Every structure is written in structure tokens, then in C-alpha cells.
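Structure first, then comments.
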Amino acid sequence: MMAANGVFANPIERGHSGWMCGGISLVCGYVTYRAPVPGSTPCAGPCMIFETTRHKTRPDRSRRPVRSIIRRRFCLFVHQYVRLLCYTRQQESSFLNARGDAMTKITSMQSLYTRLEQAGVSPSYIQEYVLPSWWSRDMDSDPHLVLQGAGYIAKHLGIDLQALLHTEQELSVRDTAATQFKLRHDITGQHVTWARAVSMRAAEMAAHAPPTSFQWKGMEASAIRTAILNTGASWVGLKELLHFCWDQGIPVLPIADVPDKKMDGMAVLTEAGAPAIIINKSHSHPSWLLFILAHELGHLCRNHLQDHEARLDEEYSTAPDADDAYENEANRFAVELITGDPETIVSEDRYASAAELAQAAMDVGQREQIDPGALVLNLAFHAPNNLWALANAALNELPDGPSGHEQIRSILRERLSWSNLPDESAQFLMRVTGCGSVDHPVAA
Numbered sequence: 001m002m003a004a005n006g007v008f009a010n011p012i013e014r015g016h017s018g019w020m021c022g023g024i025s026l027v028c029g030y031v032t033y034r035a036p037v038p039g040s041t042p043c044a045g046p047c048m049i050f051e052t053t054r055h056k057t058r059p060d061r062s063r064r065p066v067r068s069i070i071r072r073r074f075c076l077f078v079h080q081y082v083r084l085l086c087y088t089r090q091q092e093s094s095f096l097n098a099r100g101d102a103m104t105k106i107t108s109m110q111s112l113y114t115r116l117e118q119a120g121v122s123p124s125y126i127q128e129y130v131l132p133s134w135w136s137r138d139m140d141s142d143p144h145l146v147l148q149g150a151g152y153i154a155k156h157l158g159i160d161l162q163a164l165l166h167t168e169q170e171l172s173v174r175d176t177a178a179t180q181f182k183l184r185h186d187i188t189g190q191h192v193t194w195a196r197a198v199s200m201r202a203a204e205m206a207a208h209a210p211p212t213s214f215q216w217k218g219m220e221a222s223a224i225r226t227a228i229l230n231t232g233a234s235w236v237g238l239k240e241l242l243h244f245c246w247d248q249g250i251p252v253l254p255i256a257d258v259p260d261k262k263m264d265g266m267a268v269l270t271e272a273g274a275p276a277i278i279i280n281k282s283h284s285h286p287s288w289l290l291f292i293l294a295h296e297l298g299h300l301c302r303n304h305l306q307d308h309e310a311r312l313d314e315e316y317s318t319a320p321d322a323d324d325a326y327e328n329e330a331n332r333f334a335v336e337l338i339t340g341d342p343e344t345i346v347s348e349d350r351y352a353s354a355a356e357l358a359q360a361a362m363d364v365g366q367r368e369q370i371d372p373g374a375l376v377l378n379l380a381f382h383a384p385n386n387l388w389a390l391a392n393a394a395l396n397e398l399p400d401g402p403s404g405h406e407q408i409r410s411i412l413r414e415r416l417s418w419s420n421l422p423d424e425s426a427q428f429l430m431r432v433t434g435c436g437s438v439d440h441p442v443a444a
């Protein structure tokens with residue numbers, strides 16, 4: 001067994017009785033516990049002693065081999081048990097020491113705020129969007145709540161909790177899904193790390209509360225356009241396309257406020273194959289968001305994503321991209337869905353004012369069943385001269401209505417099965433999408 005120096009000794013020596021630091025004693029087949037002998041040298045783990053005594057009556061020799069085998073097997077069992085117990089206590093000690101290190105390094109929420117701010121996430125964003133609504137500034141200084149607060153942050157930002165608590169570890173976002181990037185030349189995937197993390201978290205939540213089964217795979221742009229126009233719509237507008245997406249089981253979420261830089265839109269397939277579309281662009285005109293939604297829907301319908309994958313688009317253009325066949329296909333899908341022809345190009349003409357351009361777009365839109373704002377944007381995209389100032393002014397001349405973001409939020413409030421989400425997840429999703437509160441009951 002284990003001696004004072006930590007070396008295991010022979011468990012049985014006939015006629016010998018030896019004391020160690022305390023532990024288990026085997027006497028004539030019985031197991032008892034013995035306390036350490038005063039003055040003895042303590043050992044690192046639990047120790048034991050085996051003591052054998054001679055019987056007053058000499059046993060029958062014919063039974064000695066059986067008794068000897070039983071005794072030896074029993075001693076071997078106890079011997080292995082003690083080794084396992086020593087190892088378990090060592091592991092437990094290591095875990096407690098590690099936990100103690102974490103608590104000594106991160107003692108307040110302010111330490112977490114500083115660590116996250118250095119990584120690109122401001123304290124105000126954490127307090128407004130990530131922590132639960134019941135969290136107050138007074139709780140920041142309570143060391144007993146640090147782990148709880150860190151847990152919310154790690155969960156909603158996709159950060160490894162141990163990396164967040166240990167300052168010597170690099171702070172990074174867990175790879176929740178493979179991501180395809182379409183970014184400007186001066187933007188990298190690192191610039192949109194936190195925007196992707198928040199958007200992915202929201203998409204996963206929404207995908208866990210699907211309103212219906214999936215029917216969108218492989219659908220053609222022309223078929224979607226026909227289905228929408230058959231409902232009596234004047235054209236394929238943002239509101240009409242939003243309802244179509246929700247009818248097919250595709251949640252559409254507006255997440256305009258994210259840490260650091262952001263993309264304009266993202267299409268997602270969760271690990272279970274559930275779809276979602278994220279609209280991040282801050283421009284609020286419905287026609288701008290209509291093209292982004294149609295483009296991301298194109299990525300899904302054209303099977304550009306595998307399960308547990310996301311397509312992140314930071315820049316949109318109807319011009320052909322020789323380096324990205326998926327982008328070209330999604331662009332053509334969007335143009336065909338909105339206008340009826342993937343080759344639609346609005347020819348440049350001389351317009352005296354933004355009001356004249358807006359009126360021309362309304363006239364053509366009514367006749368061809370095309371969203372007037374989409375016609376204005378199509379002209380600006382393809383014009384050889386820079387007509388963006390005129391185009392944006394013309395958009396403001398079109399009839400007023402709810403902003404694009406408000407339309408997305410309104411339909412999200414109505415269509416998402418909020419009761420399928422835990423209260424904590426529902427609150428986070430409401431905050432990051434700007435939905436505030438909903439009338440639907442939320443499960444506790």
C-alpha cells in the first residue's frame with residue numbers, strides 16, 4: 001500500500017503489523033478505519049494499513065488455499081480502490097485551484113467590461129443588449145454575481161467562458177458555423193466578428209421557434225414572384241416578401257445595432273438545417289432592404305449553404321462578379337424576383353428633379369408591377385454617372401409608409417412563436433432586434 005513517502009508497499013506480510021498515517025485496517029477479514037498516529041508523517045493522499053493476526057486455533061490446512069486466495073483478491077481490490085481515490089482527490093484539487101485562479105483574476109464586472117472593450121465590445125453594448133433586463137449597475141461590484149454575468153455574456157456573444165474568465169487566454173468567438181464572406185477589399189472577417197456572433201445567436205434562437213415547416217428549398221424566383229402577385233399585391237414589395245418568407249418557415253430578423261463593423265445581410269442554415277435571414281443594413285428605406293432580403297433568399301433557394309453554415313454579405317452590387325458565382329446567381333435571383341426579368345436594367349434618362357424621377361418610377365411600377373423604389377435603385381446601380389444623390393432624393397419623394405426596419409420588426413412580433421423560447425432567450429432576441437415587448441405570452 002502507500003507509505004509515508006507516497007510509494008505503495010506490499011499489502012500483506014504474514015505476522016507483521018505496521019502502522020502508516022491512518023486509513024483502513026484489515027484485521028482477520030474485517031475492514032476498519034484507523035486515525036493517524038500522533039507524530040506520524042502525513043502523506044499526500046489517503047493511506048491504509050493491513051494487519052494480519054494468527055488464529056488461536058490453527059485452521060484446517062485443506063481450507064487455507066481458498067482463504068488465502070480470497071484474502072489476496074480482497075486486498076488487491078482495496079489496493080486499486082485507494083489508488084483511484086488518490087487520483088480522484090488530486091483531480092478535484094486541481095479543479096478547485098483552477099476555479100480559485102479564475103475568481104482571483106476576475107473579481108468584478110468592471111474587469112469583464114475592460115477585457116471585452118479591448119476586444120471590440122463596449123460596456124454600453126453589454127449592458128443594453130447582452131445582460132438580462134433585471135441586471136443593474138449595483139450588481140457590477142458584487143463578486144458573487146461575476147460568474148453569473150460572465151455566463152450571460154459568454155452565451156450571447158458565443159465566447160468560451162473559461163477564456164473570458166482567464167485573462168491569460170486569448171478571447172475569441174466560438175466557431176458556431178462555417179461562414180462564407182462577401183466583403184469589401186478593405187474589410188476582413190475579423191472586422192465583423194462580433195456582428196456575426198450576435199447575428200448567429202439571434203438566428204439560432206429564431207430557428208428554434210419556427211412557425212411552420214420548410215417549403216422553400218429549390219424554389220425559383222419566377223414562382224415566388226407569381227405566388228406573391230396572385231395574392232393581389234401591386235408588386236413584390238418588402239412587406240409581401242417578408243410574409244412569403246415567414247410562410248415558408250424562414251424567420252427574418254432586423255439587427256442593425258452590433259459591436260464594431262457590420263455586414264448588410266446574412267443567410268443562415270443552423271445545424272438542424274433550419275433557415276434564417278438577418279438584415280443588418282442601417283438604411284431604413286423599404287426598397288433598399290427589399291433587395292437585400294431577395295438576395296439572401298436567393299442564397300437559400302439556390303442551395304448555396306450547407307447545414308450549419310452562413311453566408312455573410314457586406315457589399316451588394318448588381319454588376320457581375322467574376323470571382324463569385326454564388327453572388328452573381330443570388331443577384332440575378334433577386335432582380336428576377338423583384339422585376340420579373342434577371343436582365344432588367346433601367347436606362348438612364350435626363351430627369352429635371354428627384355420628384356420627376358419618382359413620378360416616372362411610380363408610373364412604370366404600376367404598369368409593370370415593379371416596386372418603384374427598386375426601379376430607382378436599379379437606375380442608380382447601372383448609371384455610368386454617379387446618380388446616387390438624385391436616386392436617394394427620389395426615394396424620399398415616393399409615398400410615405402413605415403420604415404423598412406419597422407416593417408420587419410412588426411412582422412417578427414406577429415409571426416415568431418415567442419412562447420417556444422425561454423424567457424431569457426426571448427428577452428435577448430427582443431433587445432437585439434429592437435422589438436421591445438410582444439403581446440404573445442413568453443414561457444418562463
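Here UniProt numbering is used: position 444 in the sequence shown is 444, and no number is missing along the way. Where is the CB? At the ideal position from N, CA and C, for every residue including glycine. Remember, it's a predicted structure, so these values are computed and weren't measured experimentally.
Check	Outcome
Sorted by chain position, which residues of the same chain lie with C-beta nearer than 8 Å to Glu170's C-beta, five sequence neighbours on each side aside?	Ala163
Going by beta-carbon coordinates alone, are Leu375 and Val335 separated by less than 7 Å?	no
To which residues of the same chain is His243 closer than 7 Å at the C-beta, ignoring the five residues directly before and after it?	Ile411
Since Pro259 and Tyr125 are thought to touch, with beta carbons under 8 Å apart, how far apart are those beta carbons, to the nearest angstrom?	5 Å
Quick one: residues in its chain with C-beta nearer than 6 Å to the C-beta of Phe428, no 5 flanking neighbours on either side, listed in chain order?	His156
Where are the alpha helix (DSSP H) runs, 4 residues long or more, that stay fully inside the UniProt domain "IrrE N-terminal-like" (260-341), in chain order?	286-301 and 325-339
Within the chosen definition, does the stretch 261-271 reach the stretch 221-233 through at least 3 CB pairs nearer than 8 Å?	no
So who's on the other strand from Pro384, going by DSSP bridges?	Pro384 pairs with nothing; no bridge assigned.
Which whole-angstrom value is the C-beta distance of Phe333 and Ala221, which I expect to be below 8 Å?	5 Å
Let's see if you can read the secondary structure: which residues bound the beta strand (DSSP E) around Val364?	Unbroken run through Val364 is the alpha helix (DSSP H), Ala354 to Glu368; no beta strand (DSSP E).
Express the C-alpha separation of His144 and Ile24 in angstroms, rounding to a whole number.	Residue placement at Ile24 is poorly supported in this model, since its pLDDT is 41, which falls under 50; the coordinates are not used for a value here.
Taking the alpha-carbon of Trp388 as reference, which of Ser353, Glu343, Met219 and Val173 has the nearest alpha-carbon?	Ser353
Closer than 6 Å by C-beta to Ile370: which residues in its own chain qualify, once you throw out the five before and the five after it? Chain order, please.	Trp235 and Thr339
Going by DSSP, what residue range makes up the alpha helix (DSSP H) through Val146?	Val146 to Leu157
Rounded to whole angstroms, what is the Cα-Cα separation between Pro123 and Arg225?	44 Å
For Met430 and Leu131, what's the separation of their Cα atoms in angstroms?	13 Å
Please classify Ile69 as buried or exposed, where buried requires at least 16 other C-beta atoms within 10 Å of its C-beta.	exposed
Identify, in the order they occur along the chain, each residue of the same chain with its Cβ nearer than 6 Å to the Cβ of Glu348, setting aside the five sequence neighbours on each side.	Ala383
Tell me the rounded alpha-carbon separation between His405 and Met109.	33 Å
Is it the case that the Cβ atoms of Val146 and Gly158 are separated by a distance below 7 Å?	no
So who's on the other strand from Val173, going by DSSP bridges?	Ile159
Note down the Cα distance separating His299 from Ala426, rounded to an integer number of angstroms.	27 Å
I'd like to check one pair, Leu289 with Ile277: are the Cβ atoms closer than 7 Å?	no
Is DSSP giving Pro372 helix, strand or coil here?	helix
Could you tell me if Glu128 is buried or exposed, where buried requires 16 or more neighbouring beta carbons within 10 angstroms of its beta carbon?	exposed
Between which two residues does the beta strand (DSSP E) holding Tyr253 run?	Before going on, a small fix: residue 253 reads as Leu here, not Tyr. First-last of the beta strand (DSSP E) with Leu253: Val252 to Pro254.
Look at the Cβ atom of Leu297, then the Cβ atom of Ala358, and state whether they are nearer than 7 Å.	no
If contacts are defined as beta-carbon pairs under 8 Å, then Gln407 and Leu238 qualify, I think. What distance do you get, rounded to the angstrom?	6 Å
Between Pro251, Tyr351, Asp324 and Ala272, which has its C-alpha nearest Leu416's C-alpha?	Pro251
Kindly list the residues whose CB is nearer than 8 Å to the CB of Lys281, restricted to its own chain and excluding five residues on each side of it in sequence; keep chain order.	Ala256, Asp264, Gly265, Trp288, Leu289 and Ile292
Report the rounded CA-to-CA distance for Glu204 versus Trp216, giving the unit in angstroms.	18 Å
With 16 as the cutoff for other CB atoms within 10 Å, does Tyr113 come out buried or exposed?	buried
What's the C-alpha gap between Gly151 and Leu161?	7 Å
Can you give the Cα-Cα distance for residue 446 and Ala355, rounded to whole angstroms?	The question about residue 446 has no answer, for the chain in this structure spans 1 to 444.
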